[in-house]
Amino acid sequence: MERIAVFPGSFDPVTKGHESIVLRALPLFDRIIVAIGENAEKRSFFSIERRVAWLQELFSDQEHVDVSTYQGLTIDYCRKVGANYILRGLRSSPDFEFERGIGQINRAMNKTVETVFLLTAPEHAAISSSIVRDIIRNGGDASPFLPERIHI
Ligand code: ADP
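Numbering (this note's numbering), first residue to last: 965 to 1116.
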C-alpha cells in the first residue's frame, strides 16, 4: 500500500521550518500532500492563491510532494485522498500539548490514520509563520526565516 501523508497547515506563509519538515519526511513516505486547510473562522494574512503558489514553487523539484487545499476536517480529507498518515512538526511543549489533543481526537475518529511527528531542527525551533507575519507587517526583513526560493 502506498504510504501517503498529509502535511496540513495554514502556511501563512511557508517558512524554513515547514520546508525542513517536508524534506526530512520524504524518505518516510511515498507521497506527501502539503495541504492548506481553509478555515472559515481563521482569517489568513496571505491569500490562499499566494500560499499555494509559494508551496508549489518551493516543492516544484520534488516529484513526491503535491500541494493542495481542503475545507473541513483533516481526517476527512485524509480519507478522501487515501492518506494513512498526518505529518506534523513539533517545536516546543505548547506545540506538543496542542498536537496531543488534536492527534488523539483524530485517532478516535479514524484509527487507520496515524499522526507522525518530527521534532524541529534546533535552528528552526524559533521560527513560526506568525513571527514572519509580524516582521513583514512592520517592514522588517523576514528572508532569514523563509525558504531560499521564496521571496516575499
Ligand atoms: P497550523 O495553523 O495548523 O498550526 P502551521 O502552518 O502554523 O499550521 O504549521 C503547520 C505544521 O508545521 C504544524 O505541525 C507546525 O507545528 C509545523 N511547524 C511550523 N513551524 C515549524 C518549525 N519552525 N519547525 C517545525 N515545524 C513547524
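Heads up, the beta-carbon is just placed ideally off N, CA and C, and yes, glycines get one too. As the structure is a prediction and not an experimental result, all values here were calculated from the model.
Compare the Cα-Cα distances from Asp1040 to each of Arg1101, Phe975 and Val970 and report the closest residue.
Mapped onto the sequence shown, residue 1040 falls at position 76. The candidate whose alpha carbon is nearest that of Asp1040 is Val970.
Within 10 angstroms of the Cβ of Asn1003, are there 16 or more other Cβ atoms? Answer buried if so, exposed if not.
As a position in the sequence shown, residue 1003 is number 39, starting the count at 1. Label assigned to Asn1003: exposed.
Leaving out five residues before and five after Phe1060 in sequence, what residues of the same chain have Cβ atoms less than 7 Å from its Cβ?
The residue you call residue 1060 lines up with position 96 of the sequence shown. Closer than 7 Å at Cβ, skipping near neighbours: Leu1054.
Can you tell me whether Lys1044 is buried or exposed, with buried defined as 16 or more other CB within 10 angstroms of its CB?
As a position in the sequence shown, residue 1044 is number 80, starting the count at 1. With fewer than 16 other Cβ atoms within 10 Å, it is exposed.
Got a sec? Which residues, its chain only, sit under 6 Å from Ser1032 by beta carbon, not counting five neighbours each side?
What you label residue 1032 is simply residue 68 of the sequence shown in a count that begins at 1. The answer, listed in chain order, is Ile997 and Ala999.
Look up Glu1063 in the DSSP assignment and say whether it is helix, strand or coil.
Numbered from its first residue, the sequence shown carries residue 1063 at position 99. In the structure shown, Glu1063 sits in a helix (DSSP, three-state: H, G or I).
Over what stretch of residues does the alpha helix (DSSP H) that includes Glu1027 continue unbroken?
Locating residue 1027 in the sequence shown gives position 63, where the first residue counts as 1. Where Glu1027 is concerned, there is no enclosing alpha helix (DSSP H), given that its DSSP letter is neither H nor E.
Do the stretch 1076-1086 and the stretch 1100-1110 make contact, defined as three or more Cβ pairs closer than 8 Å?
Cβ pair count under 8 Å is below three, so no.
Please list the terminal residues of the continuous alpha helix (DSSP H) segment that includes Glu1038.
Indexing the sequence shown from 1 puts residue 1038 at position 74. Contrary to the premise, residue 1038 reads as Thr rather than Glu in this sequence. Element bounds for Thr1038: Thr1038 to Val1045.
In three-state terms, what does DSSP make of Pro977?
As a first step, residue 977 is located in the sequence shown; it is residue number 13 there, counting from the start. DSSP places Pro977 in coil when its eight states are reduced to three.
Counting along the chain, where does the alpha helix (DSSP H) carrying Ile1095 start and finish?
Residue mapping note: residue 1095 aligns to position 131 of the sequence shown, counting from 1. Unbroken alpha helix (DSSP H) run through Ile1095: Ser1093 to Arg1101.
Between the C-alpha atoms of Ile1099 and Glu966, what's the straight-line distance to the nearest angstrom?
As a first step, residue 1099 is located in the sequence shown; it is residue number 135 there, counting from the start. As a first step, residue 966 is located in the sequence shown; it is residue number 2 there, counting from the start. Those two C-alpha atoms are separated by around 40 Å.
Using 10 angstroms around the beta-carbon of Thr931, count the other beta-carbons present and answer buried if the total reaches 16, otherwise exposed.
Any property of residue 931 remains undetermined from this structure, which presents the chain solely from 965 to 1116.
Rank Ser1024, Asn1070 and Ile1095 by C-alpha distance to the C-alpha of Ile1114 and give the top, closest one.
Within the sequence shown, numbered from 1, the residue matching residue 1114 stands at position 150. When each option's Cα is compared against that of Ile1114, the closest is Ser1024.
Please indicate yes or no: does the CB of Pro1106 lie closer than 8 Å to some heavy atom of ligand 1?
As a first step, residue 1106 must be located in the sequence shown, where it is residue number 142. At residue 1106 the sequence reads Ala, which differs from the Pro that was named. Every heavy atom of ligand 1 is 8 Å or more from the Cβ of Ala1106, so no.
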